[in-house]
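Encoded as structure tokens, the structure appears first; notes follow it.
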Amino acid sequence: MEQDHGPATPLDDAFGATGIDVRPDAVTWFMRLNYLAIGIGATSFLVELPTAVSALSGPAILGVVIGLGIASLFLAFMVGLIKWAGEGQNWARWALLLLTVSGVLLASRNPEAALSQTALPLGIAILQWLTQAIGILLAFLPSSNRWYRAIAMAEERESQ
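Each position in the sequence shown, counted from 1, maps to that position plus 1044 in the working numbering.
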């Protein structure tokens, strides 16, 4: 029995779902925007890295290398979460929401540091956050929710 989920919104129409076997456009755009946000952040980081490292010496450089390793692991984890969310894993979608909100809250704890940046890094950070926020919003549209719910129901039926 099919349930009526109410009228579609304009965004729903633009990013509608076609069935459980076809990922809704909203989820595809959620993935694209989050991959783009990661690319923006990584590019910005790599562009600024030589300037930051040039002022360091000795043990501080070891700290930078360790930090790069940790950042690389986190980056791989984020890419994995986006991939899993795109495959219908609802927990990954919620984990990305939690990490995005946590990142914004942590960054907003010290607004002076963010605002003391030059215009380019600040603009890039704002672009990255907006890209992530729009992507996360798309992952929680009604069409996306229906798709995630349908996958969960199908998996539940298969396990019985």
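All residues carry an ideal CB built from backbone N, CA and C; glycine is no exception.
DSSP three-state call for residue i: helix, strand or coil?
| i | result |
| --- | --- |
| Met1197 | helix |
| Met1045 | Note that Met1045 scores 40 on pLDDT, short of 50, meaning its location in the model is unreliable; the coordinates nonetheless yield the value given after this. Coil, per DSSP. |
Just the C-alpha distance for residue i and residue j, rounded to the nearest angstrom, thanks.
| i | j | result |
| --- | --- | --- |
| Glu1200 | Ser1098 | 55 Å |
| Trp1173 | Trp1128 | 21 Å |
| Ala1139 | Phe1074 | 14 Å |
| Leu1182 | Ala1081 | 14 Å |
| His1049 | Arg1190 | Only weak support exists for where His1049 lies, its pLDDT of 46 falling under 50; the value from the coordinates is given anyway. One C-alpha to the other measures close to 9 Å. |
Considering only the beta carbon of each residue, do residue i and residue j sit closer than 8 Å?
| i | j | result |
| --- | --- | --- |
| Pro1165 | Glu1092 | yes |
| Asn1134 | Ala1196 | yes |
| Ile1084 | Ile1168 | yes |
Starting from residue i and walking both ways along the alpha helix (DSSP H), at which residues does that stretch end?
| i | result |
| --- | --- |
| Ala1081 | Asp1069 to Ser1098 |
| Arg1137 | Asn1134 to Ser1152 |
| Pro1121 | According to the sequence provided, residue 1121 is Phe. The question's Pro does not apply to it. Run containing Phe1121: Pro1103 to Gly1130, per the alpha helix (DSSP H) assignment. |
| Leu1182 | Ala1163 to Ala1183 |
Does the Cβ of residue i have 16 or more other Cβ atoms within 10 Å, making it buried, or fewer, making it exposed?
| i | result |
| --- | --- |
| Arg1153 | exposed |
| Ala1115 | exposed |
| Pro1068 | buried |
| Ser1146 | exposed |
| Ser1188 | buried |
| Leu1077 | buried |
| Gln1176 | buried |
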